[in-house]
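Peer 1: Got a structure for you, questions after.
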Amino acid sequence: MKLINNMMAAAIGIFAWHAASAADVTLRFHQFLPPQATIPSKAITPWAQKVEKESGGRIKIQQFPSMQLGGKPPELFDQAKDGVADIVWTVLGYTPGRFPKSEVFELPFSSGLAEPASRAFQEYVEKYAMDEFKDVKVIAVHVHGPGLIHSKDPVTNLEDLKGVKVRGGSRITNIMLEQLGATPVGMPVPAVSEALSKGVISATTIPWEVVPALKVQQIVKNHTGFAGDQGLYTQTFVVAMNKGAYDKLPADLKKVIDANSGAETAALFGRAMDAGDKVGLSLAQKAGNKIHMLDAVETQTWRRTAAGVRGVWYKEVASKGIDGPKLAAEAEALIAKYSKK
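Numbering-wise (my numbering), the sequence shown opens with residue 9 and increments by one.
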């Protein structure tokens, strides 16, 4: 009997310890890339660990990479809105036309390094575009680093791009590719490797950062970059939380989420992108691939040709009552402000 009582006491003690140490809240974080990719490993995981630590273990972030909760990447934002997931990381351009004010950061040759541009984008959204995110709690927004072209055949001038099927990751990028003479093919980034391997596309627009996760350096042997600090294009991202999941939190845990939202979180994701760009470039170099850096004269030809995208965007957003030129000027000023620091 004494043995049984001791065993029961031990069991109760273990149960009580687990109950005391268990999280009060588990938040499901859903996104489209494998866990070893740059953002999941270098931004989402550190962010999640920081939230868990600062909550004293009362919040647990349960990660679901590679669309493990189901659906397709373009559905992620609505999954956060509807509560299919508690938090998501996704590309705004996966839902074309839904975030017209935010698209200004995707205009060609707008930004360079991801960290300062992400700080700029965060401030821009807080000032001018929060209405586009009214259905979610915004943790942070950010951008990637300088966008470039990765191709099977060399692209050393604008003529080389004529008629080439190129993957574009957003509506604005596809408009730009059309103006440059390419044939744009829209698709989320997880589909790029297979599309390149099967010849559905001959080139893709992605930053260096995502090259390792997709093994692009093994599929194509040519990479085309541009003179100057700005990349050919960029894409915009959001870390969004379900409003109901946030509202249910007690006040002290809301403060933990709030403390890990905003400018510094945007910068964390931007820094991860910048560091990832260095890794991707290094892998392409180690593979012996050709890296074609266009000179200032050729880059200017691309700039002039892609400049028409702004006019198209201005006209489109004007029909929605949005002052495109004003927002573009504000975005440029913010990028310049943070790039100087």
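Just so it is clear, CB atoms sit at the ideal spot from N, CA and C, and this is done for glycine as well.
When you compare only the Cα positions, how much space is there between glutamine 76 and tryptophan 97?
Peer 2: Their Cα atoms are separated by approximately 13 Å.
Peer 1: How long is the line joining the alpha carbons of aspartate 266 and isoleucine 147, rounded to whole angstroms?
Peer 2: Aspartate 266 and isoleucine 147: Cα-Cα distance of roughly 8 Å.
Peer 1: Between which two residues does the beta strand (DSSP E) containing proline 81 stretch?
Peer 2: Premise fails: proline 81 is in no beta strand (DSSP E) and is neither H nor E.
Peer 1: Looking at aspartate 285: is its Cβ nearer than 9 Å to the Cβ of glycine 78?
Peer 2: Taking 9 Å as the Cβ cut-off, aspartate 285 and glycine 78 do not qualify as a contacting pair.
Peer 1: Are the CB atoms of glycine 65 and alanine 88 nearer to each other than 9 Å?
Peer 2: Cβ distance not < 9 Å, so glycine 65 and alanine 88 don't count as in contact.
Peer 1: Just to confirm the assignment: which complete beta strand (DSSP E) runs, minimum length 3, are found wholly within the segment 211 to 291?
Peer 2: For the segment 211 to 291, whole beta strand (DSSP E) runs of length 3 or above, ordered along the chain, are 211 to 214, 230 to 233 and 244 to 250.
Peer 1: Candidates Lys298, Ala122 and Lys109: which alpha carbon is nearest tyrosine 132's?
Peer 2: The residue with the shortest Cα to Cα distance from tyrosine 132 is Lys109.
Peer 1: Would the segment 120 to 127 and the segment 269 to 280 be scored as touching if the rule is three or more Cβ pairs under 8 Å?
Peer 2: A contact exists between the segment 120 to 127 and the segment 269 to 280.
Peer 1: Between which two residues does the beta strand (DSSP E) carrying alanine 148 extend?
Peer 2: Looking at the DSSP string, the run of the beta strand (DSSP E) that includes alanine 148 is 144 to 151.
Peer 1: Quick check: the segment 300 to 308 against the segment 160 to 173, are at least 3 beta-carbon pairs closer than 8 Å?
Peer 2: The answer is yes - the segment 300 to 308 touches the segment 160 to 173, with three or more Cβ pairs under 8 Å.
Peer 1: Assuming threonine 53 is part of the alpha helix (DSSP H), what are its boundary residues?
Peer 2: From DSSP, the alpha helix (DSSP H) with threonine 53 extends over 53 to 62.
Peer 1: Taking the alpha carbon of alanine 336 as the reference point, which residue from Ala211, Pro82, Val208 and Tyr136 has its own alpha carbon closest?
Peer 2: Cα-wise, what sits closest to alanine 336 is Tyr136.
Peer 1: From the DSSP output, in three-state form, read off phenylalanine 117 for me.
Peer 2: In this structure, phenylalanine 117 counts as coil in the three-state DSSP scheme.
Peer 1: What first and last residue would you give for the beta strand (DSSP E) that runs through proline 192?
Peer 2: Unbroken beta strand (DSSP E) run through proline 192: 191 to 194.
Peer 1: Rounding to the nearest angstrom, what Cα-Cα distance links alanine 199 and phenylalanine 141 in this structure?
Peer 2: The alpha-carbon atoms of alanine 199 and phenylalanine 141 are separated by roughly 27 Å.
Peer 1: By a C-beta neighbour count over all protein chains shown, 10 Å radius and 16 as the cutoff for buried, is glycine 101 buried or exposed?
Peer 2: Buried, because 16 or more other Cβ atoms sit within 10 Å of the Cβ of glycine 101.
Peer 1: Nearest CA to the CA of glutamate 114: which residue from Ser49, Met184, Lys170 and Gln71?
Peer 2: Among Ser49, Met184, Lys170 and Gln71, the Cα nearest to that of glutamate 114 belongs to Met184.
Peer 1: So, for glutamine 71: in the same chain, excluding its five sequence neighbours on each side, which residues have a beta-carbon less than 6 Å away from its beta-carbon?
Peer 2: Here the set comprises Phe37.
Peer 1: Tell me where the alpha helix (DSSP H) around valine 320 begins and ends.
Peer 2: That run of the alpha helix (DSSP H) goes 316 to 326.
Peer 1: Go ahead and pull the three-state DSSP assignment for arginine 66.
Peer 2: Coil.
Peer 1: Taking C-alpha atoms, which residue in Ile180, Val305, Pro192 and Tyr322 lies nearest to glycine 171?
Peer 2: The residue with the shortest Cα to Cα distance from glycine 171 is Pro192.
Peer 1: Is the beta carbon of glutamine 57 less than 9 Å from the beta carbon of alanine 274?
Peer 2: No, Cβ-Cβ distance for glutamine 57 and alanine 274 is not below 9 Å.
Peer 1: Tell me, please, which residues DSSP counts as bridged to phenylalanine 72.
Peer 2: Bridge partners of phenylalanine 72: His38.
Peer 1: Thinking isoleucine 67 and glutamate 60 are a contact (beta carbons under 8 Å), I'd like their distance in whole angstroms, please.
Peer 2: With a Cβ gap of about 6 Å, isoleucine 67 and glutamate 60 count as contacting.
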